[in-house]
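Asker: Dropping a structure here in structure tokens format, bear with me for questions.
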Amino acid sequence: MTLQIVEKGPFEGQKPGTSGLRKKTRIFMEPGYLECFVQSTFNAIGGAAGKSFVIGGDGRFFNAAAIQTILKMAAANGAARAVVGQGGILSTPAVSHLIRKRGTDGGLVLSASHNPGGIDEDFGIKYNIANGGPAPETVTAGIHAETQKIAAYRISDAADVDLNQLGSSRIEEMTVEVVDPVADYADLMETLFDFNKIRALFQGGFTLCFDAMHAVTGPYATEILQRRLGAADGSVINAIPSEDFGGGHPDPNPVWAKTLMQRMMSDDAPDFGAASDGDGDRNMIVGRHTYVTPSDSLAVLAANAHLAPAYAQGLAGIARSMPTSTAADRVADKLGVACYETPTGWKFFGNLLDAGRATLCGEESAGTGSAHVREKDGLWAVLLWLNILAERGQSVADIMRDHWACYGRNYYSRHDFEAIPTDQANALMQALEAQLDRLAGTQWSGLTVAQADSFSYLDPVDGSESHNQGLRIVFEGGGRAVLRLSGTGTEGATLRVYLEQYVDASGDHTLATDAALENVSSAMRDITALQEYIGRTEPDVKT
Ligand code: VG1
Ligand code: CO
2 MTLQIVEKGP FEGQKPGTSG LRKKTRIFME PGYLECFVQS TFNAIGGAAG
52 KSFVIGGDGR FFNAAAIQTI LKMAAANGAA RAVVGQGGIL STPAVSHLIR
102 KRGTDGGLVL SASHNPGGID EDFGIKYNIA NGGPAPETVT AGIHAETQKI
152 AAYRISDAAD VDLNQLGSSR IEEMTVEVVD PVADYADLME TLFDFNKIRA
202 LFQGGFTLCF DAMHAVTGPY ATEILQRRLG AADGSVINAI PSEDFGGGHP
252 DPNPVWAKTL MQRMMSDDAP DFGAASDGDG DRNMIVGRHT YVTPSDSLAV
302 LAANAHLAPA YAQGLAGIAR SMPTSTAADR VADKLGVACY ETPTGWKFFG
352 NLLDAGRATL CGEESAGTGS AHVREKDGLW AVLLWLNILA ERGQSVADIM
402 RDHWACYGRN YYSRHDFEAI PTDQANALMQ ALEAQLDRLA GTQWSGLTVA
452 QADSFSYLDP VDGSESHNQG LRIVFEGGGR AVLRLSGTGT EGATLRVYLE
502 QYVDASGDHT LATDAALENV SSAMRDITAL QEYIGRTEPD VKT
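Residue numbers 2 to 544, in my numbering, belong to the letters of the sequence shown in order.
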């Protein structure tokens, strides 16, 4: 075995977005592309010498090949140890847990999450730090700076490691340990929730359908829900991870998880349904005939978390991303705990969790999690829901009705406009930004603008600032429209428009979402001149 220094790079555009670097798979497969990004990551963290890393991915096309390359590069950079999931499989929350449990210096996750997989689809890589969470902006900025000046990478010419074989082997001086991807994570879940109570729920005839969307959570959900908790065989569907996620988008929303939605709305629907995304960090919750918006799910979990053993002592605080509805804020208020509003992306929750300021965090994109790891965690959310359902003995629909009757309802929807030419999307955002100062007091579709701004975040723990994190227009009477450009897409620009209308506890909670949001939506269209800038007003996906 010899160490090689290969002259290559730099490559254009290796700038991590909301959650790591995402590009078309074929771009990642270009000679030296992945290698230069990985070497830049090692360079940015002061080298890999003597360090240990957890490495795994969501099983999409190119996952295994990328892991072999990263292992040989880590070895050539002097790393001491790599912990890899068997078959190259590890969900994002499982990586986070392993980093923390093993005390490694960090981890590399191969995933483009909810983006489709395959040679003509998407691939991605992200770096997690020693607390188990996504690298914060200071680190990703450092990685990007290195990608712009890289001229060579280091790699060993060792043979591939057998990723299917559990146990230890070596590449150069580095130990490679192939571990069961599920066991540690499943054990962690048992420490958080009342498994006996949930088991009793299933024994009493409670039915469940969990759609793993041909992605990474299949093996985790099968082990935990079916084997350890006794849900009926077949409760987990699409349970085998496939390289192209069965040709779909592993995005847990009513559009992409259509089969599950149809089942949950049918006459013989199970009591509870859920889906998870490509890398297992997100969740969609749906009760019998009842879709729960992710923002509401966060609020319900926060209001009821004390029913699960891990949170019996209460919550230190709640954190949500800015576009997420304010439903969780009302719960925090009632509990008398702090509520933090962060930019989009899980990396902004890490400091709050580390500092013990927040216990539960969530995003409107179906990401919820807690201080048990430093990533959002799809199955964790499903288990917390099950624990709550087991304790309360009510249906999901009843729990939602009770919640709204107590806190009021935040009607909410996200509209995505995909693959817009980048210049059009930028022009729209710039024009809106330019008029923000003048919007307060103006009237649109019967609504008066109370406040409009570009969201900035001051991290209360380390004092770092993040600007340009989305444009928000707040209306009098509890309406809000937020616009931002996605940082995870790989084609053109994706405009995300987040619409919200609050109706208080005594108001009507039975409206159709589109109807409840009609005024906010039409005001947003007029203020932004949507049609004029992007040539349409109907989104590709509504969630
Ligand atoms: C999207 C979501 C965001 C989430 C991010 C990564 O980002 O909106 O809430 O944190 O994906 O999630 P964007 O920039 O496209 O809006 V995942 O599950 O892709 O790791
Ligand atoms: Co994900």
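From the three backbone atoms N, C-alpha and C, an ideal C-beta is built for every residue, glycine too. Keep in mind it's a predicted model, so treat the numbers as computed, not measured.
Report the residue ranges of all alpha helix (DSSP H) runs contained in full by the stretch 368-411; include only those spanning at least 4 residues, in chain order.
Answerer: Runs of the alpha helix (DSSP H) inside the stretch 368-411: 379-393, 397-408.
Asker: Please tell me whether Lys9 and Ala153 are closer than 9 angstroms, where the distance is taken between their beta carbons.
Answerer: Contact flag set, yes.
Asker: Whole angstroms are fine: how far does the CA of Gln149 sit from the CA of Ile1?
Answerer: A query on residue 1 cannot be resolved here, the shown segment of the chain reaching from 2 to 544 and no further.
Asker: From the DSSP output, read off the bridge partner residues of Tyr458.
Answerer: Answer by DSSP bridge pairing, in chain order: Ser467.
Asker: Have a look at Gln444 and Phe207 and give me their C-alpha separation to the nearest angstrom.
Answerer: Going from the Cα of Gln444 to the Cα of Phe207 covers about 50 angstroms.
Asker: Among residues of its own chain, excluding the 5 on either side of Ser296, which ones have a beta-carbon nearer than 6 angstroms to its beta-carbon?
Answerer: Hits under 6 angstroms: Thr325, Ser326, Ala328, Glu365, Tyr413.
Asker: Taking 6 angstroms as the limit between beta carbons, can you name the residues of its chain near Ile126, skipping five residues before and five after?
Answerer: Cβ within range, chain order: Gly21, Leu22, Leu111.
Asker: Distance check for Asn352 and Thr141, CA to CA, integer angstroms please.
Answerer: Rounded to whole angstroms, Thr141 to Asn352 spans 15 angstroms at the Cα level.
Asker: Could you please give the first and the last residue of the uninterrupted beta strand (DSSP E) stretch that includes Glu178?
Answerer: Looking at the DSSP string, the run of the beta strand (DSSP E) that includes Glu178 is 175-180.
Asker: Please name the residue in Glu492, Thr369, Phe124, Phe12 whose C-alpha comes closest to that of Ser277.
Answerer: For Ser277, the nearest C-alpha among the options comes from Thr369.
Asker: Which residue marks the beginning of the beta strand (DSSP E) containing Gln502, and which one marks its end?
Answerer: First-last of the beta strand (DSSP E) with Gln502: 494-504.
Asker: For Ala65, which three-state DSSP category applies?
Answerer: Of the three classes helix, strand and coil, the one that applies to Ala65 here is helix, per DSSP.
Asker: Going by DSSP, name the residue or residues bridged to Met285.
Answerer: Ala276, per the DSSP bridge assignment.
Asker: Can you round the beta-carbon distance between Ser457 and Gln470 to whole angstroms, since I take them to be within the 8 angstroms contact cut?
Answerer: That belief holds up - the Cβ atoms of Ser457 and Gln470 are roughly 7 angstroms apart, short of 8 angstroms.
Asker: Can the beta-carbon of Leu1 be found less than 9 angstroms from the beta-carbon of Ile225?
Answerer: The displayed coordinates of the chain run from 2 to 544. Any statement about residue 1 would go beyond what the structure contains.
Asker: Any heavy atom of the ligand CO closer than 8 angstroms to the CB of Lys102?
Answerer: Checking the Cβ of Lys102 against the ligand CO gives no.
Asker: Whole angstroms are fine: how far does the CA of Arg200 sit from the CA of Arg526?
Answerer: The alpha-carbon atoms of Arg526 and Arg200 are separated by roughly 49 angstroms.
Asker: Rounded to the nearest angstrom, what separates Glu191 and Ala306 at their Cα positions?
Answerer: Taking the straight line joining both Cα atoms gives about 16 angstroms.
Asker: Using only the heavy atoms of the ligand CO, determine whether one of them is closer than 8 angstroms to the beta carbon of Thr549.
Answerer: The requested residue 549 is not part of the displayed model; the chain covers only 2 to 544.
Asker: Counting along the chain, where does the alpha helix (DSSP H) carrying Asp330 start and finish?
Answerer: Segment 328-336, the alpha helix (DSSP H) holding Asp330.
Asker: Measuring only from the beta carbon, is Trp347 closer than 8 angstroms to any heavy atom that is part of the ligand VG1?
Answerer: The answer is yes for Trp347.
Asker: Where does the unbroken alpha helix (DSSP H) through Arg200 begin, and where does it stop?
Answerer: Note, Arg200: alpha helix (DSSP H), 196-204.
Asker: For the ligand VG1, is there any heavy atom lying closer than 8 angstroms to the beta carbon of Asn116?
Answerer: Result yes, Cβ under 8 angstroms from the ligand VG1.
Asker: Taking only runs that begin and end inside the stretch 205-279, name each unbroken beta strand (DSSP E) of 3 or more residues, in chain order.
Answerer: Listed in chain order, they are 209-212, 273-277.
Asker: Measuring alpha carbon to alpha carbon, tell me which of Pro220, Thr343, Gly394, Met266 ends up nearest Ser465.
Answerer: Ranking Pro220, Thr343, Gly394, Met266 by Cα distance to Ser465 puts Thr343 first.
Asker: Rounded to a whole number of angstroms, what is the C-alpha to C-alpha distance between Tyr534 and His373?
Answerer: If you take the alpha carbons of Tyr534 and His373, they lie about 44 angstroms apart.
Asker: Quick one: give me the first and last residue of the beta strand (DSSP E) that Asn132 is part of.
Answerer: Segment: none, Asn132 is in no beta strand (DSSP E) and carries neither H nor E.
Asker: Secondary structure at Ser366, three-state DSSP: helix, strand or coil?
Answerer: Coil, per DSSP.
Asker: Taking 8 angstroms as the threshold, find out whether the stretch 76-84 comes into contact with the stretch 156-169 through three or more Cβ pairs.
Answerer: Judged by Cβ distances under 8 angstroms, the stretch 76-84 makes contact with the stretch 156-169, as three or more pairs qualify.
Asker: Using 8 angstroms for Cβ pairs, my map puts Phe246 next to Ala275. What's the rounded Cβ distance?
Answerer: Actually they are not in contact, since the Cβ atoms of Phe246 and Ala275 sit about 17 angstroms apart, beyond 8 angstroms.
Asker: With a threshold of 8 angstroms, are at least 3 pairs of Cβ atoms found where one atom belongs to the stretch 416-423 and the other to the stretch 490-507?
Answerer: Yes: the two stretches touch, three or more of their Cβ pairs being nearer than 8 angstroms.
Asker: What do you reckon, is the C-beta of Ser322 under 8 angstroms from a heavy atom of the ligand CO?
Answerer: Because no heavy atom of the ligand CO lies under 8 angstroms away, the Cβ of Ser322 does not count as near it: no.
Asker: Using a Cβ-based criterion (distance less than 8 angstroms to any ligand heavy atom), does Glu122 qualify as near the ligand VG1?
Answerer: Outside the cutoff, so no.
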